[in-house]
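Protein chains in written order, with my numbering: chain A, 1 to 85; chain B, 86 to 697. Ideal placement from N, C-alpha and C gives every residue a C-beta, glycine not left out. Just so we're clear, the structure is a prediction, and the values are computed from it rather than from any experiment. Right, one structure below, let's go through it.
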């Protein structure tokens, strides 16, 4: 497999992992919205907290993590960019 | 004081600007103490901020194509994040979001998850690859990747449909705010709003819009956060509301069971003469509905908004302006961070606003008081004279019950500072913030439409030999025409703000999501597949919208897919048709396959050059 193909395979796997995390925080936990709302976090009912703030924060963290790890993947295969175009 | 170029000095320039704005707020507060009228302060806030944006727009004027379409590809990561956040957060987000949470509760908050979660899709699937491509517009990518003007035109069609649905709502919002702050009729306010929008974008295109959007973000976030923190501290709910409102949420739930959540019948509401669009609290603040349908309603709405987010051209095109692929990716993260600051505050504002009104232990509480007493409160008088709040004494006992108090959703943001007894300067600040939010989104949308028309339709299809000067003149003329068309439709007041906004997501999702994603992630996708996918997705989605929307055919929703969710019909049709037709037609040629390979590698030159 060429360098490019290996890079793309790793990039694709990284994408799938990121989207799995995304699906968890955007959909899976809300499948159980009614059930988890009796639990409490910071004094808020849990499902309320997740939709008002928790999942939103999770997305911010997921994207920063995604970008940093993707940069490392690019550098590993010699596709890192210099800052000026 | 300023050494080096403009870009190096950005932190200093915007730091100074933020400081200047805070000084302006303080000056207005002093003016209020000295006896300036509420109206004068409102005018000053809106006029001053709009004048600053216009100045930035003028200073960013350009005669370069790449500056006009891509802001010269030199917008730094964090600043592009701020500009995207302003581009994203519309007048509806600013004015109506907290109100939606206030009345809609948990099931409405699917919008919050949808409008943020979509950025994960943007960053993983699209933004870095479109940046590497180097296109000027979203149809520019579709047209070059799949090849040919036919598919380019289909993409323009979806873009115009989605963005135009959205822009009328934004111009409507600028009109509403301008009319209220300046004391002019709504119809005139719309045109004042339009002129302000064009001042920011006409001379400098993307470059001017970028730098005004950064300025607008700073104004809108200050205007949103100050009241939230102030009220929270004032009523002793907590120094940092986001982490400390658990008790207030619990208290609201307790008060709800004490007062009772009653859903008024439509006949009662009509008989009492409640003005259209006003609502009473009938949904639990933090409760979650049980059952499969409630779950599906929540998740289906979130999916539509997320996938729609990843297909909206005015957002995607912001990531064409960064210096590198790496910074495009990081920029998505910063965008979402800046959006998060406002979105996570909306439920807090709704909580504070609700407890201020509901809790009899607070001096601002009105539920359970006599109606005569409530009617004599200054802010109630003022807002009911504008038909924004209404009291209907259903049981005729002269005491205000929870289900007898009606409000328009926008009032939650616009009136809460007054309700909580904050000085008027804060209300002026909120008006300026709403104006900034509506203007920045309208600018991004008008530019997305007119750029697609000028670059993709005019330059690529009609007159490919046009020189730079002519292209930019056409681009500006189209900008004015598109804006004027939007303002004209807005002045006719056809749909409510939020219905129209959700439709834009569904249109974009039906026609653009899969052609964009498969363009990068599936080499086998062909031109014929893309054309068939776009057209059938759009047709299926639109047909279903007409089938289900109460004002059109009004049929019962199938599986709970109502008019806010019609993208769930359009997008799968688009995917299936695109895959089937692609597999039936000849695979893309070697040159196209090489191009896709190139896009997947971040380093190296972009596919389309700076000037094309």
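Using the Cβ count rule (16 or more neighbours within 10 Å means buried), how would you classify residue i?
i                      : result
residue 84 of chain A  : Its pLDDT being 48, under 50, residue 84 of chain A is placed unreliably by the model, and the measurement read from it follows with that caveat. Flag for residue 84 of chain A reads exposed.
residue 669 of chain B : exposed
residue 112 of chain B : exposed
residue 503 of chain B : buried
residue 651 of chain B : buried
residue 599 of chain B : buried
residue 390 of chain B : buried
residue 67 of chain A  : buried
residue 583 of chain B : The predicted position of residue 583 of chain B is uncertain, since its pLDDT is 47 and thus under 50; a value taken from the coordinates is nonetheless stated next. Per the 10 Å Cβ criterion, buried.
residue 643 of chain B : exposed
residue 188 of chain B : buried
residue 105 of chain B : exposed
residue 687 of chain B : buried
residue 13 of chain A  : exposed
residue 326 of chain B : buried
residue 341 of chain B : buried
residue 91 of chain B  : exposed
residue 427 of chain B : buried
residue 333 of chain B : buried
residue 130 of chain B : buried
residue 205 of chain B : buried
residue 696 of chain B : exposed
residue 558 of chain B : exposed
residue 101 of chain B : exposed
residue 148 of chain B : exposed
So residue i contacts chain B; which residues on that side make the cut at Cβ distance below 9 Å?
i                     : result
residue 10 of chain A : None at all; the shortest Cβ gap to chain B is about 11 Å.
residue 37 of chain A : 191, 371, 372, 373
Name the chain A residues whose beta carbon is nearer than 7 Å to that of residue i?
i                      : result
residue 383 of chain B : 30, 33
residue 204 of chain B : 59, 63
residue 332 of chain B : 43
residue 328 of chain B : 42
residue 665 of chain B : Within 7 Å Cβ-Cβ: nothing; residue 665 of chain B doesn't reach chain A, min ~23 Å.
residue 194 of chain B : 51, 52
Measure from the alpha carbon of residue i to the alpha carbon of each residue in the options, then state which is nearest.
i                      : options                    : result
residue 121 of chain B : B:470, B:386, B:513        : B:513
residue 422 of chain B : A:81, A:59, A:70, A:68     : A:59
residue 153 of chain B : B:589, B:686, B:498, B:540 : B:540
residue 570 of chain B : B:485, B:279, B:523        : B:279
residue 364 of chain B : B:488, B:288, B:626        : B:488
residue 322 of chain B : B:273, B:387, B:436        : B:436
residue 524 of chain B : B:127, B:455, B:277        : B:277
residue 294 of chain B : B:149, B:403, B:459, B:203 : B:403
residue 400 of chain B : B:171, B:548, B:96         : B:171
residue 545 of chain B : B:234, B:282, B:467        : B:234
residue 515 of chain B : B:95, B:126, B:118, B:102  : B:126
residue 108 of chain B : B:304, B:626, B:465        : B:304
Anything in chain B within Cβ reach of residue i, meaning under 7 Å, just list it in chain order.
i                      : result
residue 76 of chain A  : What residue 76 of chain A touches in chain B: nothing, since even the nearest Cβ is about 12 Å away.
residue 79 of chain A  : 686, 687, 688
residue 109 of chain A : Residue coverage of chain A in this structure runs from 1 to 85, which leaves residue 109 of chain A outside it and unanswerable.
residue 4 of chain A   : 682, 686
Do residue j and residue i have their beta-carbon atoms positioned less than 7 Å apart in this structure?
i                      : j                      : result
residue 589 of chain B : residue 212 of chain B : no
residue 373 of chain B : residue 47 of chain A  : yes
residue 616 of chain B : residue 220 of chain B : no
residue 193 of chain B : residue 185 of chain B : yes
residue 228 of chain B : residue 216 of chain B : no
residue 441 of chain B : residue 356 of chain B : no
residue 26 of chain A  : residue 202 of chain B : yes
residue 527 of chain B : residue 252 of chain B : yes
residue 639 of chain B : residue 493 of chain B : no
residue 596 of chain B : residue 630 of chain B : no
Applying a beta-carbon distance threshold of less than 8 Å, which residues of chain B neighbour residue i?
i                     : result
residue 20 of chain A : Those do not exist, as residue 20 of chain A stays about 11 Å from chain B at its closest Cβ, beyond 8 Å.
residue 1 of chain A  : Per Cβ cutoff of 8 Å: no residues; residue 1 of chain A is ~14 Å from chain B at best.
Starting from residue i, find everything on chain A with Cβ-Cβ shorter than 8 Å and list it in chain order.
i                      : result
residue 496 of chain B : Near residue 496 of chain B there are no residues of chain A at all, since even the closest Cβ is about 21 Å away, more than 8 Å.
residue 380 of chain B : 30, 31, 33, 34
At a cut-off of 6 Å, would you count residue i as near the ligand ATP, judging by its Cβ distance to the nearest heavy atom?
i                      : result
residue 526 of chain B : As far as ligands go, the structure on display features none, and thus does not contain the ligand ATP.
task: Residues of the region 421-446 of chain B with a CB closer than 7 Å to any CB of chain A: list them in chain order, please.
output: Only 421, 422, 425, 428, 429, 432 from the region 421-446 of chain B bring a Cβ to less than 7 Å from some Cβ of chain A.
- request: Using a Cβ-Cβ cut-off of less than 7 Å, give me the residues of the region 601-627 of chain B that come near chain A, in sequence order.
  value: Answer in chain order: no residues at all.
message: Under 7 Å, CB to CB, which of the residues in the region 395-420 of chain B have a partner in chain A?
response: Shown in chain order are the members of the region 395-420 of chain B whose Cβ falls below 7 Å from a Cβ of chain A: 408, 409, 410, 411, 414, 415, 417, 418.
- request: Report the residues of the region 549-578 of chain B with a CB closer than 7 Å to any CB of chain A, ordered along the chain.
  value: Of all residues in the region 549-578 of chain B, none has a C-beta nearer than 7 Å to a C-beta of chain A.
query: Taking Cβ-Cβ distances below 8 Å as the criterion, which residues of the region 206-218 of chain B are in contact with chain A?
result: Within the region 206-218 of chain B, the residues whose Cβ lies closer than 8 Å to some Cβ of chain A are 206, 208, 209, 210, 213, listed in chain order.
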